[in-house]
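Data first, discussion second: the structure below is written as structure tokens.
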Amino acid sequence: MDYINVEYNVNTLNNKWFVNLTGCKIPNFAHATLQLGENFSLPYDDTKRITIETIKNLQHNFKKIKDINVSEITNNFVTFINHIKFNNNEIEKKIIKMFILTKKFARSNPNVIYTHADKRNITVAINKDDYVNKMNSMLEDESTYTIINRNTSNKIISKLKETLKRWGDQEYINDTRYDWLNCANPILPSVYGVSKVHKNGSPLRIIVSYIGSILHNIATYLHIISLKSYMGRNKYTVNNSFKVTKIAHLLKLKTDDQLYSLDAVSLYTNILVELAIKGINDRPDLIKNINTKIGVIYSLTDRVLLLLHPCFHKNNLDKIIRILLDNGYALQLIINTIKKRVRKKLDQSNNKDINNATDTRNDNEICNLFVIPYISSLANKIQNLFRNMNNVRVAYKGLNKLNNLIKVQKDRMNKFQKCNVVYKIPCNDCNATYVGQTGRMLKIKIAEHKNHIKWDL
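So the sequence shown is numbered by UniProt numbering: it starts at 1 and just counts up by one.
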């Protein structure tokens with residue numbers, strides 16, 4: 001393959017990235033846009049929106065992370081925002097135009113929904129009626145699902161509080177951990193389906209999402225401490241895939257040995273499947289921070305060098321180059337970065353232990369994520385601001401992603417059931433308006449306001 005003459009074109013259609021299961025004809029501009037995936041971050045130049053979103057995220061982070069200098073960080077971000085510069089190139093302008101056309105097409109075809117496929121980074125177009133019928137067919141299976149007649153969320157919250165109080169009294173957890181595990185919002189898990197496009201008929205797989213629900217944090221915590229209790233102590237424990245490869249290289253197999261591969265058809269009906277990383281948030285050719293691109297190349301190269309036998313290195317490095325070129329990476333950057341990484345790995349001692357990926361922090365220590373909108377011109381400055389804070393890691397998120405078109409088909413939550421919101425209550429007798437912010441469920445906060453009014457009367 002002649003890598004030198006490869007050019008990236010946003011209009012290029014890739015049938016491996018987009019599957020149309022409807023009878024509706026999807027225009028090329030919509031195909032080219034939707035194939036980018038739900039986490040693709042579109043270009044933007046709206047300083048006002050950036051400012052509002054940054055303020056919202058700062059307030060949420062300050063509420064979540066207690067031991068940071070709020071005034072210093074706020075002052076730095078004010079300076080950062082005042083010096084934001086946007087410079088969309090021709091490709092970015094073209095993507096914006098394609099997105100606008102795709103939104104118009106989606107509005108004119110409301111019976112077509114777009115979601116991601118099961119196990120693959122593929123966007124799927126599916127008829128809404130077909131989706132609903134398939135979901136109803138699975139949920140009506142009485143041998144698997146049971147309808148309960150009453151909401152048990154308040155009972156669960158009460159038992160959770162009792163358990164956490166007992167743990168706190170016995171000093172199993174500190175106040176910070178208690179706040180993280182506690183939940184006062186009766187939010188139930190939600191269910192949706194993802195299409196198995198790799199199987200005949202493209203059946204749906206049911207996913208039950210517990211993220212944000214009552215027991216999500218405590219389940220995560222118990223999972224972490226359970227892992228720590230036996231990781232490294234059990235001779236059958238394998239810390240990571242790199243260690244598996246290292247062990248496999250030492251095995252001596254006989255000619256009559258057999259390898260069995262066991263797969264679980266279904267561990268549980270309702271298993272928590274967290275959203276997998278399906279790519280980076282921003283298209284590689286739009287990311288001005290070169291370190292992000294280099295990090296992606298390093299990661300892919302490491303997997304080839306550390307997981308595969310040397311006889312497979314050449315073919316898989318060639319595959320990496322083709323994948324990166326398909327995603328708009330510059331050839332010179334790819335070649336130079338891979339060469340640098342290969343040299344470094346060769347220079348390292350073969351006997352050097354690979355770093356354990358297991359979390360080694362103290363049980364009561366929380367490394368907080370400081371989530372902030374990604375702005376390419378400010379990324380390095382923001383990273384430097386938190387460099388000396390060991391308990392804080394910066395995490396970026398895209399503001400204008402394709403997930404407003406490509407989304408999991410969860411039931412839309414009523415606005416009064418939402419948490420972490422800013423709300424306003426107008427006065428019926430004058431022009432005054434009360435504006436508040438709450439991390440609790442909005443309907444609970446509104447009920448408290450009504451009770452306070454009764455007390456005043």
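Ideal placement from N, C-alpha and C gives every residue a C-beta, glycine not left out.
* Integer-rounded CB distance, given that Lys-134 should sit under 8 Å from Gly-193 -> Residue 193 sits at position 193 when you count from the first residue of the sequence shown. Residue 134 sits at position 134 when you count from the first residue of the sequence shown. Yes, they are in contact, since the Cβ atoms of Gly-193 and Lys-134 sit about 7 Å apart, within 8 Å.
- request: May I ask which residues mark the beginning and end of the beta strand (DSSP E) holding Ile-18?
  value: For this step, residue 18 is matched to residue 18 along the sequence shown. The identity of residue 18 in the sequence shown is Phe, whereas the question assumes Ile. Element bounds for Phe-18: 18-20.
Whole angstroms is fine: what's the gap from Val-19's alpha carbon to Val-435's? Position 19 of the sequence shown, counted from the first residue, corresponds to residue 19. Position 435 of the sequence shown, counted from the first residue, corresponds to residue 435. Looking at the two C-alpha atoms, the distance is approximately 45 Å.
Q. DSSP beta-bridge partners for Lys-397?
A. Within the sequence shown, the letter at position 397 stands for residue 397. Per DSSP, Pro-373.
**Within the stretch 110-159, ranges of the beta strand (DSSP E) (whole runs, at least 3 residues)** = 112-116, 123-127
Check your understanding: Near Cys-426, which residues of its chain fall below 7 Å by C-beta distance, leaving aside the five closest residues on each side in sequence?
Key -> Start at 1 with the first residue of the sequence shown, and residue 426 comes out as number 426. Contrary to the premise, residue 426 reads as Pro rather than Cys in this sequence. Correct list, in chain order: Thr-433.
* **Top-ranked residue by Cα proximity to Ser-209, from Leu-222, Phe-29, Pro-189, Gln-383** => The residue labelled residue 209 in the question sits at position 209 within the sequence shown. Answer by Cα proximity: Pro-189.
Of the residues Thr-54, Val-112, Ile-335, Asn-380, which one's Cα is nearest the Cα of Gln-409? Mapped onto the sequence shown, residue 409 falls at position 409. It is Val-112 whose Cα lies nearest to the Cα of Gln-409.
| Applying the criterion that 16 or more other CB atoms from any shown protein chain within 10 Å of the CB defines a buried residue, is Lys-450 buried or exposed? | By one-based count along the sequence shown, residue 450 stands at place 450. Lys-450 should be labelled exposed.
Helix, strand or coil for Asn-451 per DSSP? As a working note, residue 451 is residue 451 in the sequence shown. Note: Asn-451 maps to helix in three-state DSSP.
request  = Look up Lys-424 in the DSSP assignment and give the residues it is bridged to.
outcome  = Here residue 424 refers to the residue found at position 424 of the sequence shown. For Lys-424, which the question treats as bridged, DSSP gives the partners Val-435.
Between the Cα of residue 471 and those of Lys-63, Ile-81, Gln-35, spot the shortest distance and give me the residue it belongs to.
-> The shown model of the chain, from 1 to 457, leaves out residue 471, and the question about it has no answer.
With H, G and I counted as helix, E and B as strand and the rest as coil, what does DSSP make of Ser-213? Stepping through the sequence shown from its first residue, residue 213 is reached at position 213. Coil at Ser-213, not helix or strand.
Quiz item: When the Cβ atoms of the stretch 391-411 are set against those of the stretch 76-95, are three or more pairs found closer than 8 Å?
Solution: no
Report task. If I'm right that Ile-84 touches Ile-375 with Cβ under 8 Å, what's the distance once you round it to whole angstroms? Result -> Taking the first residue of the sequence shown as 1, we reach residue 84 at position 84. Taking the first residue of the sequence shown as 1, we reach residue 375 at position 375. That belief holds up - the Cβ atoms of Ile-84 and Ile-375 are roughly 6 Å apart, short of 8 Å.
**Report entry** Cα-Cα separation, Ser-143 to Thr-245
**Finding:** Sequence index remark: in the sequence shown, residue 143 carries index 143 (1-based). Sequence index remark: in the sequence shown, residue 245 carries index 245 (1-based). About 41 Å.
Suppose the cutoff is 7 Å on Cβ atoms and the five residues either side in sequence are ignored; what does the same chain contact list for Asp-118 look like? If you number the sequence shown from 1, residue 118 lands on position 118. Excluding residues within five positions, the ones whose Cβ falls inside 7 Å are Val-194, Ser-195, Lys-196, Arg-205.
message = Would Ser-158 and Ile-187 be called neighbours here (beta carbons separated by less than 7 Å)?
response = The residue you call residue 158 lines up with position 158 of the sequence shown. The residue you call residue 187 lines up with position 187 of the sequence shown. Cβ atoms of Ser-158 and Ile-187: not closer than 7 Å.
key: Segment contact, 8 Å Cβ cut-off, at least three pairs: the stretch 409-418 with the stretch 42-50   = no
- request: Hey, could you find the ends of the alpha helix (DSSP H) His-313 is sitting in?
  value: To locate residue 313, count along the sequence shown from 1; it is residue 313. His-313 -> alpha helix (DSSP H) spans 313-326.
Worksheet entry | Delimiting residues of the alpha helix (DSSP H) encompassing Thr-47 | As a working mapping, residue 47 is identified with position 47 in the sequence shown. Its alpha helix (DSSP H) spans residues 47-64.
>> One question on the structure: do Val-304 and Leu-317 come within less than 7 Å of each other, judged by their Cβ atoms?
In response: The residue labelled residue 304 in the question sits at position 304 within the sequence shown. The residue labelled residue 317 in the question sits at position 317 within the sequence shown. In contact: Val-304 and Leu-317 (Cβ atoms closer than 7 Å).
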